[in-house]
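Residue numbers (our numbering): 29 to 376.
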């Protein structure tokens, strides 16, 4: 069927116009065009509504909907450094959850350190979001809520740290998986296990660092910390090449994340080290590409899709019941063993 065009100057098509063209009620049109997945509408009816909308050149007016309902159906997502693959995975999962319910997402990259997004940022007030999901430290969340407390929005906190009073919190535990990873490297015969981490993002109080130091101490071994200047593969490769060509190349390498682990594997190979027979390697995050690296990368897996679905569910519930008690959820990390730390005689 040829698409019809509205003559110049004609008023913008409305939901009632689409409903009349499709032969359904305006409510049905609203459900279809707003992608309400939990409303049962025959596929033939959905197709007819979309066809009518295309013929009339209909496009939703989000401002009108917001004025009518008091909701923008937009969620603010404050994320910690979008350049990091874990943050990208979390954003993608949260966006998918939002889109499945007909919502849009406004993404704000908080960054790290002194350049991190100011907690007094006007961004989420200039853009009328209905609620916020933040991957952030508990200190940042407290400061943000204090700076924006005059008109608080529904807020869900996602992090590995402590919950903040009055907020819904989805916590993931990196410590358990990190302990499992370091113990696994020792069980593979690696007595000299090093920890490769970014200089400005690790130290006492950070879960991976604390887990590594604890396991090494329990085994009566001296911790060996290899610090990268930046949290990226290039810096990891440079740091690992230097260590591998020095006097003390570790037999096991536990890495702060998969990004550093992949860079470290490249550096080890350049230095003539075999993985895992000379040096076994374990990362953290379970990036999609880690299973397809050569050798495939052992890693501490964080259940990102489940975390995102829970955070989104908490926000939805908070919008429905603003005065309900704070909700908490907890997810454990776990070790996934692959070729980079498997049988130390299996790979070269």
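Just so it is clear, CB atoms sit at the ideal spot from N, CA and C, and this is done for glycine as well.
Three-state secondary structure assigned by DSSP to residue i
| i | result |
| --- | --- |
| residue 220 | coil |
| residue 228 | helix |
| residue 162 | strand |
| residue 108 | coil |
| residue 308 | strand |
| residue 235 | helix |
| residue 335 | helix |
| residue 69 | coil |
| residue 113 | helix |
| residue 313 | strand |
| residue 56 | helix |
| residue 326 | strand |
| residue 249 | coil |
| residue 142 | Note that residue 142 scores 40 on pLDDT, short of 50, meaning its location in the model is unreliable; the coordinates nonetheless yield the value given after this. It is helical. |
| residue 37 | Any reading at residue 37 is ruled out, since the residue's pLDDT is 47, under 50, leaving its predicted position unreliable. |
| residue 303 | coil |
| residue 119 | helix |
| residue 103 | strand |
| residue 45 | helix |
| residue 287 | helix |
| residue 167 | helix |
Whole-angstrom distance between residue j and residue i, CA atom to CA atom
| i | j | result |
| --- | --- | --- |
| residue 307 | residue 215 | 13 Å |
| residue 61 | residue 180 | 30 Å |
| residue 410 | residue 329 | Nothing about residue 410 can be read from this structure; the chain reaches only from 29 to 376. |
| residue 302 | residue 217 | 15 Å |
| residue 45 | residue 158 | 29 Å |
| residue 207 | residue 287 | 19 Å |
| residue 377 | residue 334 | It is not possible to answer for residue 377, since the shown part of the chain is limited to 29 through 376. |
| residue 343 | residue 222 | 40 Å |
| residue 262 | residue 291 | 6 Å |
| residue 332 | residue 169 | 20 Å |
| residue 175 | residue 101 | 24 Å |
| residue 270 | residue 299 | 8 Å |
| residue 251 | residue 197 | 33 Å |
| residue 225 | residue 266 | 13 Å |
| residue 255 | residue 56 | 58 Å |
| residue 349 | residue 356 | 15 Å |
is_contact[residue i, chain B] using C-beta, thresh 8 Å
| i | result |
| --- | --- |
| residue 160 | The structure shown contains no chain B; it holds only a single protein chain. |
Among the options, the one whose alpha carbon lies nearest that of residue i
| i | options | result |
| --- | --- | --- |
| residue 321 | 72, 367, 349, 249 | 367 |
| residue 40 | 51, 72, 83, 68 | 83 |
| residue 111 | 218, 260, 75 | 260 |
| residue 340 | 50, 186, 233, 271 | 186 |
| residue 273 | 296, 123, 134, 318 | 296 |
| residue 277 | 257, 253, 130 | 253 |
| residue 167 | 158, 160, 191, 184 | 191 |
| residue 120 | 283, 327, 266, 316 | 316 |
| residue 103 | 47, 73, 184, 59 | 184 |
| residue 200 | 327, 59, 358 | 358 |
| residue 338 | 114, 211, 47, 122 | 122 |
beta-carbon residue i near the ligand PLP non-hydrogen atom, thresh 7 Å
| i | result |
| --- | --- |
| residue 120 | Among the components modelled here there is no ligand, and therefore nothing to report on the ligand PLP. |
Beta-carbon separation (whole angstroms), residue i vs residue j, contact threshold 8 Å
| i | j | result |
| --- | --- | --- |
| residue 204 | residue 361 | 6 Å |
| residue 309 | residue 325 | 7 Å |
| residue 52 | residue 68 | Going by Cβ atoms, the distance from residue 52 to residue 68 rounds to 14 Å, so no, they are not a contact pair. |
| residue 49 | residue 80 | 4 Å |
| residue 202 | residue 282 | About 12 Å; that fails the 8 Å criterion. |
| residue 354 | residue 194 | 6 Å |
(message) In chain order, what are the residue ranges of uninterrupted beta strand (DSSP E) at least 3 long that sit wholly in the segment 171 to 213?
(response) 183 to 187, 196 to 201
(message) If we require 3 or more residues per run, which beta strand (DSSP E) segments fall completely within the segment 252 to 280?
(response) 252 to 256
(message) Suppose only complete runs of 3+ residues qualify. What are the beta strand (DSSP E) ranges in the segment 345 to 373, listed by chain order?
(response) 356 to 360, 362 to 364
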